[in-house]
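*Asks:* Quick one: the structure is below, questions incoming.
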Amino acid sequence: MTTVIKNGTIVTHDLTYKADVLIDGGKIVEIGETLSGDETLDATGCYVMPGGIDPHTHLEMPFMGTYSTDDFESGTRAALAGGTTMVVDFALPSPGQGLLDAIQMWDNKSTRANCDYSFHMAVTWWGEQVFDEMKTVVEDKGINTFKHFMAYKGALMVQDDEMYASFQRLAELGAIAMVHAENGDVVADLSARLLREGNTGPEGHAYSRPPQVEGEATNRAIMIADMAGVPLYVVHTSCEESHEAIRRARQQGKRVWGEPLIQHLTLDESEYFNHDWDHAARRVMSPPFRNRQHQDSLWAGLQSGSLSVVATDHCAFTTEQKRTGIGDFTKIPNGTGGLEDRMPMLWTHGVRTGRLTPNEFVAVTSTNIAKILNCYPRKGAIREGSDADIVVWDPGKSKTISASSQQSAIDYNVFEGKEVTGLPRFTLTRGKVAVHDGEIRTEEGHGQFVKRPPKGEINKALSSWKEMTAPRPVERSGIPASGV
Ligand code: URP
Ligand code: ZN
Ligand code: ZN
Ligand code: ZN
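Residue numbers (my numbering): 7 to 490.
Okay, here's the thing in structure tokens:
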């Protein structure tokens with residue numbers, strides 16, 4: 007059975023043009039004028055774009071004594087409802103647990119996914135087993151991205167020597183390093199002091215993680231990555247200090263990418279000063295939301311290309327879970343949701359304001375990350391041969407975001423009450439229509455794991471450069487006699 011998307015305007019990262027799209031066997035098989043198929047989807051007045059890719063989610067993640075509430079079923083259903091057709095989650099070994107063991111756990115959870123997905127590997131401790139298994143993870147499991155937490159001291163955090171060792175191993179394997187860039191030692195110290203001084207509420211979370219802790223860690227990670235010769239991806243870049251480090255590194259020719267979240271682009275730190283404890287705690291995530299000056303910096307980064315990708319870091323906890331931290335903000339589970347809202351919020355606040363073009367929207371929600379992760383043009387493209395992961399985007403359709411109508415399993419939404427214009431009319435996951443004019447038709451288990459090979463173009467270029475500029479002994483003809 008074939009499907010044709012008719013009368014729409016195709017928008018990719020580089021082109022805008024009118025054409026129909028024919029889909030067969032989950033792939034785009036033809037792009038052209040006046041095509042026909044067994045089933046027709048009318049895209050009149052709509053943009054036909056590559057489905058969104060959210061490269062940063064934590065579905066059913068064990069964290070801070072609990073599990074994030076959205077799992078691979080509700081999380082990917084939320085994704086599809088908002089036009090996202092692929093998510094990349096983090097396989098997270100507990101201390102001492104092997105990497106392959108952790109992947110097995112994530113394989114088990116992800117069988118319920120409604121859309122395609124992939125994993126990043128987290129390096130949460132260091133040892134010979136980790137070093138050895140990294141090769142299998144890269145070469146057999148199809149994972150080419152490894153995250154390092156520079157925060158969460160005493161839990162997920164790794165030290166600089168461990169990070170440097172891991173980065174060198176990744177360079178050797180042709181993989182990419184990722185960092186959660188916050189100075190965990192400073193955060194731990196600031197948190198303890200704040201609690202001692204009676205700052206126990208959610209606002210303490212924001213005070214404990216000022217932009218300096220993020221700027222410092224970002225700079226440190228960039229320098230360590232440069233010395234190890236590995237490309238670096240900085241997740242949830244939230245402030246000018248971190249963005250500035252990334253911008254400067256890129257201007258110097260370093261291979262570094264930054265990922266702002268839709269939450270940091272559109273919500274600010276005033277949320278933590280709300281008099282309702284629940285309201286503030288529901289928005290506790292790391293890094294915290296920042297002020298307007300930082301938001302302007304992130305938008306400018308997307309416009310100028312110094313920041314590359316907009317993600318969500320979807321890690322959703324219920325109000326009840328958040329309440330574990332009453333009386334001590336350090337016990338509030340860190341994380342917020344956003345999977346269903348990323349694309350509509352970015353369209354509303356990015357494209358409709360004139361900050362982004364529709365092509366730039368596609369780049370930062372889909373194509374750029376597909377290239378970085380080395381799964382382009384299978385994903386992130388409207389091309390013959392690409393997977394039919396497509397969103398038919400109605401730029402005139404509006405709604406008010408509300409927890410009462412969301413797909414996410416939690417009891418609130420950090421964007422509650424926000425008006426958005428720009429929503430999916432249809433979302434297709436490998437050709438299957440999962441959203442049909444407001445109706446959710448997802449199929450549990452339809453999602454497949456996307457293997458991503460190592461040694462992408464950026465890795466190859468960087469390793470050539472590092473090889474060419476590596477230290478070499480100077481050839482000398484005569485060696486002078488030593489001493490007297
Ligand atoms: O607060 C956050 N971001 N929670 C999820 C885990 C992480 O740090 O990415
Ligand atoms: Zn993080
Ligand atoms: Zn995260
Ligand atoms: Zn299916």
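Cβ coordinates follow ideal geometry from the N, Cα and C atoms, glycine included.
1. Going by the DSSP bridge assignment, what does residue 17 pair with across the sheet?
2. For residue 233, does the count of other Cβ atoms within 10 angstroms reach 16, so buried, or fall short, so exposed?
3. By DSSP's criteria, residue 92 is part of a beta bridge. Which residues make up the other side?
4. Run the CB neighbour count on residue 460, radius 10 Å, all protein chains shown included, and call it buried at 16 or more, exposed below.
5. Pull up the DSSP beta-bridge partners for residue 154, would you.
6. Counting along the chain, where does the beta strand (DSSP E) carrying residue 322 start and finish?
7. I need the straight-line Cα distance from residue 314 to residue 236, nearest angstrom please.
8. Count the other CB atoms, across all protein chains shown, that sit within 10 Å of the CB of residue 471; report buried if there are 16 or more and exposed otherwise.
9. For residue 317, which beta-bridge partners are listed by DSSP?
10. Is DSSP giving residue 488 helix, strand or coil here?
11. Leaving aside the five residues before and after residue 375 along the sequence, list all residues of the same chain whose C-beta is less than 6 Å from its C-beta, in chain order.
12. Might you give, ordered along the chain, the residues of its own chain that have their beta carbon closer than 7 Å to the beta carbon of residue 163, omitting 5 neighbours on each side?
13. Buried or exposed for residue 220, going by 16 or more other Cβ atoms inside 10 Å?
14. Which residues, in chain order, sit with a beta-carbon under 7 Å away from any heavy atom of ligand 2?
15. Assign residue 73 to one of three DSSP states: helix, strand, or coil.
16. Taking Cβ to Cβ, would you say residue 269 is nearer than 7 Å to residue 344?
17. Considering only DSSP beta bridges, list what residue 163 is partnered with.
18. Compare the C-beta of residue 368 against all C-beta atoms of chain C and say whether one is closer than 7 Å.
19. Would you decide whether residue 526 is buried or exposed? Buried here means 16 or more other CB atoms lie within 10 Å of its CB.
20. So residue 439 is in the alpha helix (DSSP H); what residue range does that whole segment cover?
21. If you pair each beta-carbon of the stretch 102-122 with each one of the stretch 77-88, do three or more pairs fall below 8 Å?
22. Would residue 152 and residue 176 qualify as a contact pair, given that the criterion is a beta-carbon distance under 7 Å?
23. Could you tell me whether the Cβ atoms of residue 17 and residue 55 are closer together than 7 Å?
24. According to DSSP, which residues form a beta bridge with residue 10?
25. Any heavy atom of ligand 1 inside 6 Å of the beta-carbon of residue 341?
26. Among 393, 477 and 303, which has the Cα closest to the Cα of residue 34?
27. Looking at residue 194: is its Cβ nearer than 7 Å to the Cβ of residue 159?
28. For residue 239, which beta-bridge partners are listed by DSSP?
29. Specify, as a first and last residue, the run of the alpha helix (DSSP H) that residue 331 falls within.
30. Rounded to a whole number of angstroms, what is the C-alpha to C-alpha distance between residue 482 and residue 382?
31. Excluding the 5 residues flanking residue 408 on each side, which residues of the same chain have their C-beta closer than 7 Å to its C-beta?
32. According to DSSP, residue 404 sits in a beta bridge with which residue or residues?
33. Would you mind working out which of 278, 231 and 224 sits nearest residue 264, comparing C-alpha positions?
34. Once you ignore the five residues that flank residue 279 on each side, which residues in its own chain have a CB closer than 6 Å to its CB?
35. Based on the DSSP output, what are the partners of residue 252 in its beta bridges?
36. By the DSSP assignment, the alpha helix (DSSP H) with residue 472 in it spans what residues?
*Replies:* Here's the rundown:
1. 22
2. exposed
3. 59 and 122
4. buried
5. 129 and 185
6. Run containing residue 322: none; DSSP gives neither H nor E here.
7. 18 Å
8. exposed
9. 267
10. coil
11. 59, 61 and 315
12. 155, 156, 157 and 190
13. buried
14. 155, 186, 241, 242, 292 and 319
15. strand
16. yes
17. 155
18. Among the chains of the structure shown, chain C does not appear; only one protein chain is present.
19. Outside the shown range of the chain, which is 7 to 490, sits residue 526, and nothing can be said about it.
20. Per DSSP, residue 439 belongs to no alpha helix (DSSP H); it is in the beta strand (DSSP E), 438-442.
21. yes
22. yes
23. yes
24. 28 and 46
25. yes
26. 393
27. yes
28. 184 and 263
29. Neither: residue 331 is in no alpha helix (DSSP H) and is coded neither H nor E.
30. 48 Å
31. 419 and 422
32. 427
33. 224
34. 209
35. DSSP, once it has assigned bridges, lists no residue as partnering residue 252.
36. 463-474
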